[in-house]
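Enquirer:
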Amino acid sequence: MSKIAGHIHAVEIDPLLTKHLREKQYPNVTIYKADILKWDISQLSKGTKIIGNLPYYISSPILFRLLENNTWERMILMFQKELADR
0 MSKIAGHIHA VEIDPLLTKH LREKQYPNVT IYKADILKWD ISQLSKGTKI
50 IGNLPYYISS PILFRLLENN TWERMILMFQ KELADR
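Counting from 0, one number per residue, gives the positions in the sequence shown under numbering that gives the first Met the number 0.
1) Given Gly51, which residues of its chain have a CB within under 6 Å of its CB, disregarding the five upstream and five downstream residues?
2) I'd like the list of long-range same chain contacts for Pro60, defined as Cβ closer than 7 Å, with 5 residues on each side in sequence excluded.
3) At which residue ranges does the region 31-65 contain complete beta strand (DSSP E) runs of 3 or more residues, listed in the order of the chain?
4) Within the same chain, show all residues whose beta-carbon is closer than 6 Å to that of Lys32, passing over the 5 residues directly before and after it, in chain order.
5) Check whether the Cβ atoms of Thr70 and Lys48 sit closer than 8 Å, and answer yes or no.
6) Using only CA atoms, which one of Ser58, Leu66, Glu22 and Ile40 lies nearest to His8?
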């Protein structure tokens, strides 16, 4: 994804995955080790495109939080089937 995107802001709470991503040193990727439910979404520029694979147990809170922040242009999210069935 980093090869075709202008700039990527990645929010990841897992310290091992965050460390691994930072070691890759992608020039156009900013990695935030943070809880997306507490992270300051206003850091994103207006017109940002959001892509994510949401964890089942907090998918709804993340979705509602993103919907409240109206700076994004497009959102593509993946949910587990069980959540979509609800």
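For every residue, glycine included, the Cβ atom is placed at its ideal position computed from N, Cα and C. Owing to the predicted nature of the structure, the values given are computational and were not obtained by experimental measurement.
Expert: In short:
1) For the purposes of this step, residue 51 is identified with residue 52 of the sequence shown, where counting begins at 1. So the qualifying residues of the chain are Leu76.
2) What you label residue 60 is simply residue 61 of the sequence shown in a count that begins at 1. Contacts found: Leu36.
3) Complete beta strand (DSSP E) runs here, min 3: 47-52.
4) In the sequence shown, counting from the first residue as 1, residue 32 sits at position 33. Answer for Lys32: Thr17, listed in chain order.
5) As a first step, residue 70 is located in the sequence shown; it is residue number 71 there, counting from the start. As a first step, residue 48 is located in the sequence shown; it is residue number 49 there, counting from the start. Going by C-beta atoms, Thr70 is not nearer than 8 Å to Lys48.
6) Residue 8 sits at position 9 when you count from the first residue of the sequence shown. Put simply, of Ser58, Leu66, Glu22 and Ile40 the residue whose alpha carbon is nearest the alpha carbon of His8 is Ile40.
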